[in-house]
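The working numbering numbers the first residue of the sequence shown as 1453 and each following residue consecutively. All C-beta atoms, glycine included, are put in the ideal place defined by N, C-alpha and C. Please read all numbers here as calculations on a predicted model, not as lab measurements. In what follows, a single structure is set out as structure tokens and then discussed.
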Amino acid sequence: MKKSDKTVKPVLKEIFQNDFYIGAALNVGQICGEEPEAIDLVARHFSSITPENIMKWEEIHPEPGRYNFKASDKYVAFGEKFNMHIIAHALVWFHQTPDWVFQDNSGNPLSREALLERMKDHIFTVMGRYKGRIHGWDVVNEAIMNDGSFRKCKWFEIIGEDYVQKAFEYAHEADPEAELYYNEYDFEHVAKTEGVIKLIRKLQSNGIQVDGVGIQGHWFLDYPKMDLIESYVKELSSLGVKLMITELDVGVLPFYPVDSNIVPLSSFDAEKQKKYNPFPEGLPENVEKALAIRYAELFSFFRKHKDILGRVTFWAVHDGQSWRNYWPITGRSDYPMLFDRYCLSKAAFDAVVRIAERD
């Protein structure tokens, strides 16, 4: 980082310390010491951390009976060293879960009882290793579709809709002191918001501990509009649990359907490449300004609702790390974070600071 970034720039975790935790998602390279500048930036600016992928099932439990705790041990130790609010992501998810999880030794689908036992063993083993050290867990990730129905995944097909309840039951048994969260995206769809609220209320009525709902903030310069975000945050606040912005980034590139398969930019003709990757050499000043304005309005909203928002976590440390560079099109250059590819602060960082300091 430039000297000015270290000695002059305000520190995010300090200017928001009376509002909410400020978090960042770390990738495996950062956790394992391959990006010292990024890690220095995290230690300086952030009060909370979340792992991007290392604690997802395919990474931490890749084969039957074999767990890989090397990276997650380093992750937790880093958070403890800097007295951070440590989050784990994610125990039960339809994606990035190996096929063997749902099969017996012959490759046949497991029974409901066998899959529940496998889920319980996984949750008890992972949570048990970090009991009392990890503060909050994304127990279930993305169980509801945009129409409000349950996602048709292996967990749902084999166990039924109560797989969500069972996951929270096992998580509470594994670490009764940990906070337990449900995490979801695309609340812009009214039916999805209603579906999540219905799910959480049913869990609550059954006496299940749910401490918070994570709102994934994978947004754009012009979407969603702030009044739409306001409406679903208000609706979710009726649940009486903590709300968190869990995966914040602001894409500046043209939208391409995320539900499609990942495609390489090189598969497009020259005109389409220019359309979907318009800034390969850097962000123009007018777009940089638009990004700063967008972050300012978002953080103004977050501070307005600091009584119900316990944490705001960016889904990367810097632009180069962001998933938006490779999903749903690989080979693009996006600029969705407060810090650029060299871990230097951008105009968006300055805009966020001004929001925090204006009172």
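Beta-carbon gap between residue i and residue j smaller than 8 Å
i: Glu1504; j: Asn1479; result: yes
i: Tyr1728; j: Ala1803; result: no
i: Leu1700; j: Val1764; result: yes
i: Leu1766; j: Ala1476; result: Residue 1766 is actually Phe in this sequence, not Leu. Yes, these two residues count as a Cβ contact at 8 Å.
i: Val1715; j: Phe1672; result: no
i: Gly1772; j: Leu1717; result: no
i: Ser1797; j: Lys1461; result: yes
i: Ile1649; j: Leu1695; result: no
i: Ile1610; j: Leu1567; result: yes
i: Ile1667; j: Ile1697; result: yes
i: Leu1562; j: Cys1795; result: no
i: His1624; j: His1574; result: no
i: Lys1644; j: Gly1580; result: no
Residue i versus residue j - alpha carbon distance
i: His1497; j: Ile1474; result: 8 Å
i: Phe1468; j: Ile1501; result: 15 Å
i: Phe1720; j: Pro1780; result: 13 Å
i: Arg1570; j: Arg1564; result: 10 Å
i: Phe1530; j: Gly1481; result: 13 Å
i: Glu1749; j: Leu1680; result: 13 Å
i: Lys1455; j: Ala1800; result: Because Lys1455 carries a pLDDT of 40, less than 50, the predicted location of this residue cannot be relied on, and no value is offered for it.
i: Val1642; j: Thr1549; result: 28 Å
i: Leu1632; j: Gln1725; result: 42 Å
i: Glu1489; j: Leu1790; result: 15 Å
i: Val1710; j: Val1769; result: 22 Å
i: Lys1604; j: Ala1808; result: 42 Å
i: Tyr1615; j: Glu1733; result: 46 Å
i: Met1775; j: Arg1793; result: The sequence shown places Trp at residue 1775, not Met. Rounded to whole angstroms, Trp1775 to Arg1793 spans 13 Å at the Cα level.
i: Glu1646; j: Glu1486; result: 42 Å
i: Phe1620; j: Leu1761; result: 22 Å
i: Val1553; j: Lys1508; result: 13 Å
i: Pro1628; j: Ser1683; result: 33 Å
Close Cβ partners of residue i (< 6 Å) along its chain, the five nearest in sequence each way excluded
i: Phe1827; result: For the chain, the structure presents residues 1453 to 1811; residue 1827 sits outside this window and is missing.
i: Asn1593; result: Ala1542, Trp1545 and Asn1635
i: Leu1691; result: Ile1652
i: Leu1735; result: Tyr1787
Burial state of residue i (16 or more Cβ within 10 Å)
i: Lys1583; result: exposed
i: Ala1540; result: buried
i: Pro1706; result: exposed
i: His1537; result: buried
i: Ala1722; result: exposed
i: Lys1618; result: buried
i: Glu1737; result: exposed
i: Phe1472; result: buried
i: Arg1518; result: exposed
i: Lys1686; result: exposed
Proximal residues to residue i (C-beta, below 8 Å), its chain only, five neighbours per side dropped
i: Val1693; result: Ile1652, Val1662, Asp1663, Gly1664 and Val1665
i: His1587; result: His1537, Ile1538, Ile1539, Ala1630 and Glu1631
7 Å CB neighbourhood of residue i in its chain, flanking five on each side removed
i: Phe1534; result: Ala1495
i: Ala1523; result: Val1480, Ile1483, Cys1484 and Ile1506
i: Val1463; result: Arg1496 and His1497
i: Lys1758; result: Asp1471 and Phe1472
i: Val1805; result: Pro1462 and Ile1467
C-beta neighbour in chain D for residue i, strict 8 Å
i: Leu1478; result: Among the protein chains of the structure shown there is no chain D, as only one such chain exists.
Continuous alpha helix (DSSP H) assignments of at least 4 residues falling wholly in the region 1595-1630
Those alpha helix (DSSP H) runs which fall completely within the region 1595-1630 and span 4+ residues are 1606-1611 and 1615-1626.
Beta strand (DSSP E) segments (min. 3 residues) lying fully within the region 1483-1527:
The region 1483-1527 contains these whole beta strand (DSSP E) runs: 1500-1503.
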